[in-house]
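The structure appears right after this line, and notes come after that.
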Ligand SMILES: Cc1ncc(C[n+]2csc(CCOP(=O)(O)OP(=O)(O)O)c2C)c(N)n1
Ligand SMILES: Cc1ncc(C[n+]2csc(CCOP(=O)(O)OP(=O)(O)O)c2C)c(N)n1
Ligand SMILES: [Mg+2]
Ligand SMILES: [Mg+2]
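Residue numbers (this note's numbering), protein chains in the order written: chain A, 1 to 306; chain B, 307 to 612; chain C, 613 to 936; chain D, 937 to 1260.
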């Protein structure tokens, strides 16, 4: 979680200094979800992200160097600079793809589940509260339940779709209610409690792996920063943000872990400083990396045999 | 109901003799729904159909002559021959449009409701059990409830989407279950009981007209003929069809009405023969009508001012 | 009529062969397990099971996504879109994911899938069951677009499409399914090469899909008038085999392009633009285009007949082109 | 910079004026009530209320349908699609209903609506937030397609679009929103007439939207080399004002078309095809097309720069065209 937090704080700085361009969404405040879900998955499993997926990928094993280089559009980036923040892909870690299309990866996850269910794989996919408005989400609930697919649908409910609070984009009380008509087991949990996320995810993974079909996990969380880097945030008050700051998943977990002595103070410090080091290294790597060759802009459109 | 039934039986004959071409879907067996809904609406209300809308339109006041001419592609047809069976429009009767796109009119109905709610109008829209698989249906449930629109969503659940029984296209038990997450009042009724349909529709219309928002009415019914005229119907057994023949909405209502003496036998006979006459006249009218002028094929693409 | 020579027979042979040849091949779509409305996939489910022949709900956007997700994970899915008109519901997944994932991932992902699409005007089915939208897809880098006018090409090109590592749209004209080939054709190995279906020296006629047949009809009439048309069936629209076209023009100096789609913004526009650039000095007359008028497809059989380009229209355009 | 001369100011004036002028006008879209991500609709909700400025959920397909249903019932809705890339989700309603309902109903229905679409590549936003898909819509009878390159046209054409009785797509290039007009322009009453933004006699350059500005930059450089380019800003893409183009060609004998969209299958294809037909004998050289390479829009700023056609590329093409 520290790695994700420090990484994204660095991303914001680099956006401000224009070392990073593009439309960048950070998930600061939502690290508990990314971390809990990633911990529940095995090497054989697959994951799909959203437009806000740096954390999903880092938690899933992505090398921060390759990610930072990608965000900067360098040739050493995960996607050779072609993807950028919203379209990262890390196949060695089975992080299939992020997407700039809200709700766009849910159906992809179903397809991957069909392809890989016989190998015992589970597929997790993220989507937001806003994405619950998209028709495709509902089409996928139907198909996932009809075909009993080993899919974990993780809703990061941060209470907003861009600048619109949930109460203004739906009358539905809980996103997890959508599971009911389909008989899809659905839980609501505190997404800022990484252990709660992990527990719920473990249950869902178990169910999926045993052939019992999909699970919907609604993680209540909050993004402590703007919708995108540069968002003036006129749509919410400082009070609300500071209340959620108290529930910062990293703060909550650190306090819990050190107070209960699961993790010693020194170890925690070491975790933090190694995360900081990794982010520094990633930044260095990004800076030292070459730009892609502009004349190769039309590479990778078709496969090598075409 | 007799008019619809006789009309569609004639349509089938005319398809077989090739006087009618095109892809034609009849709703024989489902007349109870069309009739009950139409009876609940006032002149100021609007209605949207599906690909199977001859009955919806006839019940809504469409002149059988103009409809028959349209199905034949004559210049005197409702749409000057441009629409055909799946794309009929009858604006004088506020029958806004049928559509060849499954689930395609639900959102249109919402828009018309927004436009006309201040005039006290109610908008009814039909869709099938198969259409409940389309994302747009769910997007519309959300918006209709969010905006409390005066919309009546009428599901003609005939148990099949083309050749696929409902159990194979969804695990959802009742289409009306989809109303729950949105707090949309939803009822399941016997769609072959025209009075039950009328009752449910009256309630829904009242609610809509009083500003209390949308209602979902699931009408259980059955199409006694194939999905389209010419369908070999390999996907269902004769036993099933004959069971439903017993529940034919016209037979049920006629028996009820005459046995309870609501309608005298002679009146019923007169209703039947006048329906038969209307269908004969429609056929004559269609036959006597001129074809559209082929050189005007690109008329009506843009409005007169363009 | 020998059944084996119908367009649909070619498709069925290709599907069956690829299903047998590669266990990763699968098909999904509405009612495909019962054969679909035209019977193209008839019998597949009995032979290869529901795991590989999947009926789907009416959810075009998401079943396109499902196919992409399966392809991304190494399967070779074929998705059937019952009518091209409904492909409008799946454009997001097709354009934003299928076409772009290889690129956006810097080559990490392949999306080996076939999008089978039935299309075209025939029988008075009206504006929403009759369109020809292929030109849209020419404009989408990452997609390939194949068509066929006969059973031989239907078979060999479908097999090639399934084996391709990129998303291939395969357009099937409804008016062709049950038609018999009226020519004995050789098999062309490369699916992306055009086919010269008739030799001629007076003008070049470029077409594809069902219109190839109308062109052949017109050519027979033209021959009686002493005009010999060379007819090229493009087969692949993306990539386009310009070489074959230009070579022919160097012999005929005159060219017309015929398609059923609306003329404005159609495939003919791109071809005409390329021809006038590549063969500017070889052209004795402007490139002529024949396509549908600027209107939706009408339902009335009389209007539909007036709408679809036919051999009379082609004849007229050819005569005026040669007279130019 | 005078604020009032920015592209976005023109749009805002048009929206406000039409909202005031006609109570049937309304707007709907994601976050429009808070101004949208670019602030185009800022303040409208305060002035005209939530009944006319409606925030919608993320449901592109259905909000397009809602707009159509409102238009069919007599309203004049404007729908904002935040990025053209998401319009792929609403193609069904746009193409199968908005464009066809007048036709299919035999003229009973009118669909007076405006589809405002932000689009274009700028700032490294990547393949799914940068496309230029306008050529698709040229191929759809029933739609009109307007663009603007400056605040004057943005204002007058948006007003005309809102008053039009047919569905009009209004394309807004993100790279223009906050740019100031660099020319003093007169207002052209007819939205469907092209604008000659620069006179010249050596070649004709046809463009639209942001690329008009790149063409002007290139023309300044060309003038220094003694080449005078006539630059035509098309404004409306459907219908196309071919007359203005052909008239210019009769003076220059050379023409090139420049757009940001992928060259293959772009608007330039249709224009080139029409020009070579209408002005065959007037052309001293083939119609030249400049457009993006055949690839999705890359995210990397360096690649994006290499991708978007710029004045250097236009210059090069112009030099070679004039030298031809
Ligand atoms: C299909 C589509 N429509 C609209 C957008 C613009 N958009 C980007 S993020 C966003 C809000 C998404 O909300 P949510 O799903 O809750 O995710 P969050 O941003 O809160 O993480 C919107 C509307 C988009 N990217 N894709
Ligand atoms: C978007 C779309 N997908 C597929 C079809 C093909 N199709 C026509 S009717 C139909 C089944 C519809 O089932 P249902 O909604 O239950 O209506 P019913 O035919 O039973 O009246 C299908 C799949 C279509 N017309 N539109
Ligand atoms: Mg959210
Ligand atoms: Mg049904």
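Using N, Cα and C, we set each Cβ at its ideal position, and we do this for glycine too.
Residue 326 (chain B) is outside the set of residues whose beta carbon lies under 7 Å from a beta carbon in chain A. Looking at the DSSP output, residue 525 (chain B) shares a beta bridge with B:462, B:495. Under the 7 Å criterion on CB atoms, residue 1065 (chain D) is classed as interfacial with respect to chain A.
Around residue 1036 (chain D), the same chain offers 1078 as residues with beta carbons nearer than 6 Å, after the five sequence neighbours per side are excluded. A distance criterion of 6 Å places the beta-carbon of residue 128 (chain A) in contact range of ligand 3, judged by its closest non-hydrogen atom.
Listed along the chain, the chain D residues whose CB falls inside 9 Å of the CB of residue 448 (chain B) are 993, 995, 998.
Sequence-distant partners of residue 448 (chain B) (beyond 5 residues in either direction) whose C-beta falls short of 8 Å from its own C-beta, in its chain, are 488. Under DSSP, the beta-bridge partners assigned to residue 819 (chain C) are C:845. Just so you know, the alpha carbons of residue 818 (chain C) and residue 639 (chain C) end up roughly 32 Å apart.
Relative to ligand 4, the beta carbon of residue 467 (chain B) is positioned inside 6 Å of a heavy atom. Comparing C-alpha distances from residue 361 (chain B) to each of B:475, B:331, B:575, B:378 shows the shortest one belongs to B:331. With contacts defined as CB atoms closer than 7 Å, residue 1001 (chain D) and residue 1029 (chain D) qualify as a contacting pair. The three-state secondary structure of residue 480 (chain B), taken from DSSP, is coil. Cα atoms of residue 804 (chain C) and residue 864 (chain C): separation of roughly 23 Å, rounded to the nearest angstrom. Between the alpha carbons of residue 1228 (chain D) and residue 1066 (chain D) lies a gap of roughly 12 Å. For the 7 Å CB-CB criterion, residue 82 (chain A) and residue 718 (chain C) form a contact. Not a single CB atom of chain C sits nearer than 7 Å to the CB of residue 117 (chain A). Residue ranges of uninterrupted beta strand (DSSP E) with 3 or more members, entirely inside the stretch 315 to 381 of chain B and ordered along the chain, are 352 to 354. The C-alpha of residue 211 (chain A) is placed about 10 Å away from the C-alpha of residue 118 (chain A). Taken through DSSP and simplified to helix, strand or coil, residue 840 (chain C) comes out as coil. Residue A:147 holds the alpha-carbon nearest to the alpha-carbon of residue 663 (chain C) among A:147, A:130, A:8, A:100. Short of 7 Å from the beta carbon of residue 769 (chain C), and not among the five residues preceding or following it, lie these beta carbons of its own chain, in chain order: 758, 760, 803, 847.
For residue 972 (chain D), the closest Cβ of chain A is not nearer than 7 Å.
By the Cβ test, the stretch 332 to 340 of chain B is not in contact with the stretch 371 to 386 of chain B, since fewer than three Cβ pairs between them sit closer than 8 Å. Taking a C-beta distance under 7 Å as the contact criterion, residue 1247 (chain D) and residue 1150 (chain D) qualify as a contact pair.
Rounded to whole angstroms, residue 9 (chain A) and residue 457 (chain B) show a C-alpha spacing of 47 Å.
Residue 919 (chain C) reaches chain B at 603, counting residues in chain order whose Cβ is nearer than 7 Å. Here residue 390 (chain B) has 328 as same chain residues with Cβ atoms under 6 Å from its own Cβ, once five neighbours each way along the sequence are excluded. Collapsing the DSSP output to three states places residue 715 (chain C) in a helix.
Contacts between residue 945 (chain D) and chain B, judged by CB atoms closer than 9 Å, are missing: the closest CB pair is about 28 Å apart.
Around residue 820 (chain C), the same chain offers 759, 761, 845, 846, 847, 849, 871 as residues with beta carbons nearer than 7 Å, after the five sequence neighbours per side are excluded.
The continuous alpha helix (DSSP H) containing residue 1252 (chain D) extends over residues 1247 to 1259. Between residue 345 (chain B) and residue 504 (chain B), the C-beta gap is smaller than 7 Å, which places the two residues in contact. Cα atoms of residue 1137 (chain D) and residue 931 (chain C): separation of roughly 36 Å, rounded to the nearest angstrom. Taking C-alpha positions only, residue 275 (chain A) is separated from residue 689 (chain C) by approximately 42 Å. Within the stretch 899 to 916 of chain C, those residues whose Cβ lies closer than 7 Å to any Cβ of chain B are, in chain order, 905, 906, 907, 910, 911, 912, 913, 914, 915.
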